[in-house]
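Going by full-length UniProt numbering, the first residue of the sequence shown is number 1, and it counts up by one from there.
Backbone N, C-alpha and C fix where the C-beta goes; we use that ideal spot for every residue, glycine too.
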Amino acid sequence: MSHGHTHGHGHHHHHHHGSGDASSLPPALDMSVPDEALTPSQLSRRSMLRRTGLLGAGLAAGSVLGGAGQAAAAESTSVTAASASSRSERSGGYLWLAGDHHIHTQYSSDAKYRVIDHVRQANAHGLDWMVITDHGSETHAKIGVEKVNPDIVAARDQIDDTLVFQGLEWNIPAAEHGTVFVHPGRNEVAVLKEFENSFDGSVKKATSNTPANEALAIAGVNFLAEQVQRRRVKDILFLANHPARKGIDSPHEIRGWRDAQPTIAVGMEGAPGHQAAGLPAPNGPGGARGIYDNSPGADSYPGYPLESYRTWGGFDWMTATVGGLWDSLLAEGKPWWITANSDSHNVYADTAVRGPNSDFNANGRYNDPVYGGGLNLTDTDFWPGQYSRTHVGAASFSYKAVMDGIRAGRVWVDHGGLISGLNAQLRSGGRAITLGDALHVRRGSQVDLVVEISLANGPNWAQFVPKLARVDVIQGAVTGPVSDKDTFTTPDTKVVKSFEVNKSTGSVRLTYSLGRVDKPVYVRLRGTDGNRGAVGLRGAAVDPAGPAMDVIGDGDPWKDLWFYSNPMWVLPA
């Protein structure tokens, strides 16, 4: 199996606002800086992170064997000498940085907020990185992609402990939307602008499901890879957004993007944004979580079942179905990672309205929002970090390290602050690997899964402390490439172990023996608050208590919380 990724330990990155050591942390995150040395805003951020269990708690220096790298519980924690020596001197020391790669501003025709509004909110809700992804369109391609850049640059300077990437939401030819984002640098605007003008489905009138349009999408992915190869930009990533929403991302298209450029096309949203849409009326929009309320259309892949057009515990059907489309890729041995994001356009219970006298078509933006409308209880979104979080294991606090961590699959996601930290490892003998990696062992070697979870130890935005009820271990056989590129099931993946969690504070340690492994396998994790469940779509023998299909009009996202991890492989030889 070719992973096509590196772990980025030989980095020589600079701190995002100029000088400084690549591994230097913002003061609020650096526990060697005492509270009294912080500014009021830095102290406020540190207090928030402490309260929500994201700083200096639990597994601050999770043990690491064989120098494979650690999964610390704290979102952002420097490994102190004392804690490192008490665990393992060969700790990889990953920072687990929470973020969101799908956010819209006043430069999107269906949104309204300023860049700085989103950055301040993301920072206040504990995010360490974020991507501004305004919609690809003729107007955006012509003027928006350039106009938003000074706002992003200014926000980077103003909020120096949240990394702010520039990207866009690509209308993938013949398919759905996707996040494309670049490492900051002098060509970030030029590359995005050329890409959008040349390969956006809306700009190129290439949205219909035709072979020519599918080929244009592949050409777009190849163009992105070329920009990195030519060193026009340091790095680029592409992730498919809300992939099952309209049924138009066929299995062969997903495989096609990934196979064309596996270091660029690296994954998909495991859970879409717009989670507040499910809040019941009259105090909410009374719609569908994720705005997943569609039916098959002319361009939909005809093989998908009707259930695929709904979310399941807030997660996309491709991810939520054990033995489904995601697992069919993993069973091929193909790294393909999941994320969770806000897709924030218009925030539930906010009072802002679009700036008056706006002319979006002429200016490529709406005027700055103004406050004074009543509480808008029909808006469908949360602020970045308010509900959905994508946690990335990064070697340092830097743009490059976040991108490296995503590419490597060192990623887990959660809703509603269900847990504070996750340290998952596969171990054999004296070696261990963490999320996204592959453990190479001799055939017949004993392999164990060791999971440490830092439980929620503070209230989430909805003002309750979530309680983790159960953790599931999902295991599948790696059976190699499929002959039919439209395959979206795999027969040898199932829930192999469920752990009931009988604690509400602190941390839990779970171990599961894979036994003596003589064939390639992968494992992934899932956890729930236990409020809603159902037998999985592929039957009780595969998934006896998975997420339930969300009900349109009655999908309170706070009453159905899950976390998911990306997979780890065992490859015996």
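Asked: Between glutamine 227 and the rest of its own chain, which residues show a CB-CB distance below 7 Å, the 5 nearest in sequence each way excluded?; Found: Val191, Val233 and Ile236
Asked: Taking C-beta to C-beta, are valine 131 and histidine 177 nearer than 7 Å?; Found: no
Asked: Between the Cα of glycine 553 and the Cα atoms of Asn123, Asp293 and Asp249, which residue gives the shortest distance?; Found: Asp293
Asked: So, helix, strand or coil for glutamate 500, using DSSP?; Found: strand
Asked: Within 10 Å of its beta-carbon, does alanine 244 have 16 or more other beta-carbons around it, so buried, or fewer, so exposed?; Found: buried
Asked: Within the same chain, show all residues whose beta-carbon is closer than 6 Å to that of serine 86, passing over the 5 residues directly before and after it, in chain order.; Found: Residue confidence for serine 86 is low, a pLDDT of 24 falling below 50, so the modelled location carries little weight; the figure read from the coordinates is stated next. Around serine 86: no qualifying Cβ.
Asked: What residues in its chain sit with their C-beta under 6 Å from that of serine 32, if we drop five residues either side in the sequence?; Found: none
Asked: Taking DSSP as the reference, what is the three-state secondary structure of arginine 87?; Found: Here arginine 87 scores only 22 on pLDDT, less than 50, and its place in the model should not be relied on; the value that follows carries that caveat. DSSP places arginine 87 in helix when its eight states are reduced to three.
Asked: Is the distance from the Cβ of histidine 274 to the Cβ of glycine 256 below 7 Å?; Found: no
Asked: When burial is assigned at 16 or more other CB atoms within 10 Å of the CB, is phenylalanine 464 buried or exposed?; Found: exposed
Asked: Measuring CA to CA, which of Asn502, Asp161, Leu537 and Pro251 is closest to lysine 494?; Found: Leu537
Asked: Distance check for aspartate 560 and serine 202, CA to CA, integer angstroms please.; Found: 35 Å
Asked: Using the rule of at least 16 other Cβ atoms within 10 Å of the residue's Cβ for burial, across every protein chain shown, is tyrosine 371 buried or exposed?; Found: exposed
Asked: Which complete beta strand (DSSP E) runs does the segment 194–246 hold, if anything under 3 residues is left out?; Found: 236–240
Asked: Identify whether methionine 403 lies in helix, strand or coil by the three-state DSSP scheme.; Found: helix
Asked: Serine 198: which of Arg186, Gly185, Pro211 and Ala217 sits nearest, CA to CA?; Found: Ala217
Asked: Could you please give the first and the last residue of the uninterrupted alpha helix (DSSP H) stretch that includes glycine 256?; Found: 251–260
Asked: Considering aspartate 117, what are the terminal residues of the alpha helix (DSSP H) in which it resides?; Found: 115–124
Asked: If you run the structure through DSSP and keep just helix, strand and coil, what is serine 328?; Found: helix
Asked: Can you tell me where the alpha helix (DSSP H) holding methionine 318 begins and where it ends?; Found: 317–320
Asked: Measuring CB atoms only, is the segment 420–432 touching the segment 485–493, in the sense that at least three cross pairs come out at less than 8 Å?; Found: no
Asked: Got a sec, what are the start and stop residues for the beta strand (DSSP E) isoleucine 159 sits in?; Found: No beta strand (DSSP E) holds isoleucine 159; DSSP gives it neither H nor E.
Asked: Could you tell me how far apart the beta carbons of alanine 548 and arginine 532 are, in whole angstroms, since I believe they sit closer than 8 Å?; Found: 5 Å
Asked: Classify threonine 39: buried if its beta carbon has 16 or more other beta carbons within 10 angstroms, exposed otherwise.; Found: exposed
Asked: Can you tell me which residues form a DSSP beta bridge with glutamate 176?; Found: DSSP lists no partner for glutamate 176.
Asked: I'd like the ranges of any beta strand (DSSP E) spanning at least 3 consecutive residues and lying wholly in the segment 127–155.; Found: 129–135
Asked: Hey, would you say threonine 105 sits closer than 7 Å to valine 115, going by beta carbons?; Found: yes
Asked: Does the separation of the CB atoms of serine 507 and aspartate 472 fall below 7 Å?; Found: no
Asked: If residue 576 and tryptophan 558 are in contact, beta carbons under 8 Å, what's the gap, nearest whole angstrom?; Found: For the chain, the structure presents residues 1 to 573; residue 576 sits outside this window and is missing.
Asked: Checking 7 Å against the spacing of the C-beta atoms, do glycine 416 and proline 384 come in under that value?; Found: no
Asked: Could you give the first and the last residue of the continuous alpha helix (DSSP H) run that contains asparagine 423?; Found: Run containing asparagine 423: none in the alpha helix (DSSP H); it sits in the beta strand (DSSP E), 419–428.
Asked: Are arginine 410 and glycine 421 closer than 7 Å when you measure CB to CB?; Found: no
Asked: Given residue 578, which residues of its chain have a CB within under 7 Å of its CB, disregarding the five upstream and five downstream residues?; Found: For residue 578 there is no data in the structure shown, the boundaries of the chain being 1 and 573.
Asked: Using alpha carbons as the reference points, say which of Pro335, Phe382, Gly324 and Asp157 lies closest to alanine 122.; Found: Phe382
Asked: Beta-carbon within less than 7 Å of asparagine 222's beta-carbon, same chain only, minus the 5 sequence neighbours each way: which residues are those?; Found: Ala260 and Gln261
Asked: With respect to the alpha helix (DSSP H) encompassing phenylalanine 360, which residues constitute its N-terminal and C-terminal limits?; Found: 360–363
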